[in-house]
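In this note's numbering, the protein residues as written are -5 to 293.
We put the CB at the ideal spot given by N, CA and C, even for glycine.
Because the structure is a prediction, the values reported are computed rather than measured.
Report on the following structure.
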Amino acid sequence: MKTTAVNLTEKEYALPGNRTCPGCALSLAYRHILKALEGQAIVTVPPSCLTVLHGMYPITSVTVPCVNTPFASAAASATGLLAGLKALGREGPTVVAVAGDGGTYDIGIQALSAAAERQTDFLYICYDNEGYMNTGNQRSGSTPLGAISGTTPVLGKQQNPKDIVAIMEAHGIPYVATANASYPLDLYEKVKKARAIRGTRFIHVFSPCPPGWSFPFNNTISIGKLAVEIGWVILYEVEDGVFRLTSASESIAKQGNLKPLREYLGQQGRFRNITEEQIEALQRWVNARWKRCLDRAGN
Ligand SMILES: Cc1ncc(C[n+]2csc(CCOP(=O)(O)OP(=O)(O)O)c2C)c(N)n1
Ligand code: SF4
């Protein structure tokens, strides 16, 4: 049965009253991730806004066991947790590493790549707020071209983000998917599916950040939706090599047109200094990725 807002479990594993900012997409996404895991998970988390959400020992806002691991080690720590469970003869909880884009695209990529190459039986979720937000917004390997950050303060970032999902797919793992906090049911279904698959599974979750991107906190959901409508975020999954567009991206592919990028950029203060040249470069980048996905989906 398809999950809808009506039949989605009311049980909460990420409780209200955590310390994330108002309008934080991560807290919405994480709530649905834990619902899909039915709380049957051991989570390992490197330093990030998610550590803030979890809270400081002995107080926490989540009901699942969690390991706080050093920044580069989320996937290595997951490997250790699996070995520990095996030694104890315990099966059941899904081992899940959840890290930001800094902890995934940049500092954690070595451990992640090694774990995927070993086909370690765990789920890795990268929530992507396109910067090192917990420490005040430094640029990461995911920050978009032209975005102002603490380390690209005037001209904005000069490079495009790397395609972490393609990098993970190239490891030949059984499941990769993209998701978006503004489409929580699509995210929920993907986590549920990934939970049942054995081997390394990777899900990328687009997570708008009001203070880091400079937009009003009540616009989080609409910014996330707009990101899909312009093709900045493409919702898809690749299961055993089979590519499938999902949710709003599947509908847009059928209708055949993306909105122009400009509307999205204009709603975020981080793009206040972007140049015409950069907008054109970004639009070309978006168009090329969208075309690749349409080709793969057979549209
Ligand atoms: C080795 C190391 N370097 C730097 C830090 C400081 N630090 C803590 S959280 C953080 C930012 C994490 O960014 P990201 O992974 O993108 O997650 P987000 O904060 O955006 O949720 C940094 C740099 C650290 N804890 N350890
Ligand atoms: S800085 Fe951004 S990602 Fe971090 S808690 Fe605040 S809104 Fe969420």
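Annotation for Trp284: Gly225, Ile228 and Leu252 place their beta carbon closer than 8 Å to its own, counting only its chain and skipping 5 residues before and after. Here DSSP, grouped into helix, strand and coil, assigns Ser143 to strand. Leaving aside the five residues that flank Thr240 on each side, the residues in its chain whose CB is nearer than 7 Å to its CB run, in chain order, Asp180, Leu229, Tyr230 and Glu231. In the DSSP assignment, the residues bridged to Cys60 are Val37. With 16 or more other CB atoms across the displayed protein chains lying within 10 angstroms of its CB, Val159 is buried.
The three-state reading of DSSP puts Val92 in strand, counting E and B together. Relative to the non-hydrogen atoms of ligand 1, the Cβ of Pro41 comes within a distance shorter than 7 Å of at least one.
Burial check for Asp234: the Cβ neighbour count within 10 Å stays below 16, so the residue is exposed. Contact annotation: the segment 243 to 250 does not touch the segment 103 to 121, with fewer than three C-beta pairs closer than 8 Å. Counting C-beta pairs closer than 8 Å gives fewer than three between the segment 262 to 277 and the segment 185 to 200, which falls short of the contact rule.
For Ala173, DSSP records a beta bridge to Val199. Straight across, the Cα-Cα distance linking Ala81 with Tyr24 is about 29 Å. At a cut-off of 4 residues, the continuous stretches assigned as alpha helix (DSSP H) that sit fully inside the segment 247 to 282 are 256 to 260. With respect to Asn131, Gly94 sits apart: the two C-beta atoms are not nearer than 8 Å.
Gly17 is not a Cβ neighbour of Asn174, given a cutoff of 8 Å. By the neighbour-count criterion, in which a residue is buried when 16 or more other Cβ atoms sit within 10 angstroms of its Cβ, Leu220 is buried. Of the residues Pro41, Ile273, Gly292 and Cys287, the one whose Cα lies closest to the Cα of Gly150 is Ile273. The secondary-structure analysis by DSSP pairs Arg238 across a beta bridge with Glu231. Look at Tyr126: its beta carbon is less than 7 Å from one of the heavy atoms in ligand 1. Setting aside the 5 residues that flank it on each side, Tyr126 is surrounded in the same chain by Gly96, Gln132 and Ser134, each with a C-beta closer than 7 Å to its C-beta; the list follows chain order. For secondary structure counted as the alpha helix (DSSP H) over 4 or more consecutive residues, the segment -5 to 46 holds these complete runs in sequence order: 19 to 30.
The Cβ atoms of Lys186 and Ala30 sit closer than 8 Å to each other. In this chain, the alpha helix (DSSP H) harbouring Tyr182 covers Pro178 to Ala190. Here the alpha carbons of Gly206 and Ser67 stand approximately 25 Å from one another. Note on geometry: alpha-carbon atoms of Ile161 and Val148 lie some 30 Å from one another. Straight-line measurement puts the Cα of Leu139 at about 12 Å from the Cα of Glu270. Annotation: the continuous alpha helix (DSSP H) that includes Leu76 extends over Ala68 to Ala81.
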